[in-house]
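In our numbering, the protein residues as written are 34 to 185. C-beta: ideal position from N, C-alpha, C; glycine also. Worksheet: the structure to be examined is printed underneath.
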Amino acid sequence: MTRIIAVFNQAGGVAKTSVTQNLGYHLAQRKHRVLLIDIDPQASLTTFMGLEPDDLEQSLYDALTGEEPLYIIKGLMRMDLAPTNLKLSAAEMELVNADLREMRLKTAIEPVQDNYDFILIDCPPSLGLLSYISLVAASHVLVPIETEFKAF
Ligand SMILES: Nc1ncnc2c1ncn2[C@@H]1O[C@H](COP(=O)(O)OP(=O)(O)OP(=O)(O)O)[C@@H](O)[C@H]1O
Ligand SMILES: [Mg+2]
């Protein structure tokens, strides 16, 4: 069964993106099939994976707002990536009145889910809609914290 892990903490800068990338990398090294999903409009994960967010032909935005198939770039560091860019920041407002909005990511993942052993979702540092739909899509939640008061 595919494990879908939301890497989430409302606090910023606690290494969510670093954990997503490094955990994915080591799972892939162990021959697991890994998909990374960047659902943070900052697009740090997309950048960490060596892509230029502004140059993307498609992005997660299209799957969440236009109900396009999930756009996936294959074979980066032995992983696949659903990349994003700043355009995703508009999705939060566009989805406010959308039907079944909390299901959008879950629905986008479902057709490709069986292709992967692990799907890791890099959440933004907020409790907004993008984090909410990530938690709805996830089977597990991983909460990185820094060992300091605010992150805890
Ligand atoms: N193992 C580590 N040891 C020390 N610093 C680290 C480690 N992993 C990541 N960092 C640093 O911690 C900072 C935050 O990392 P990262 O971008 O992964 O956090 P984040 O929680 O995703 O941030 P944001 O909330 O902005 O999305 C970065 O400067 C990164 O270089
Ligand atoms: Mg991050």
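Could you pull out every residue in the same chain whose Cβ sits closer than 7 Å to the Cβ of V176, ignoring the five residues on either side in sequence?
So the qualifying residues of the chain are F41 and N42.
Could you please give me the residues that DSSP links to V67 through a beta bridge?
In the DSSP output, where bridge partners are listed per residue, V67 has F151.
Return the Cβ separation of S172 and R36 in integer angstroms, given the expectation that the two are a contact with Cβ distance under 8 Å.
At roughly 6 Å, the Cβ-Cβ gap stays under 8 Å, so S172 and R36 are in contact.
Just to confirm, are L69 and M112 a CB contact at a threshold of 8 Å?
It is a contact, given that the beta carbons lie within the stated cut-off.
Looking at A141: is its Cβ nearer than 8 Å to the Cβ of A76?
No. Outside cutoff.
Can you tell me the Cα-Cα spacing of N130 and D155, whole angstroms?
If I take the Cα positions, the gap works out to 24 Å.
Less than 7 Å between the CB of S164 and some heavy atom of ligand 2, yes or no?
No, ligand 2 has no heavy atom inside 7 Å of this Cβ.
Kindly indicate the opening and closing residues of the alpha helix (DSSP H) around I37.
No alpha helix (DSSP H) contains I37, which is instead part of the beta strand (DSSP E) from R36 to V40.
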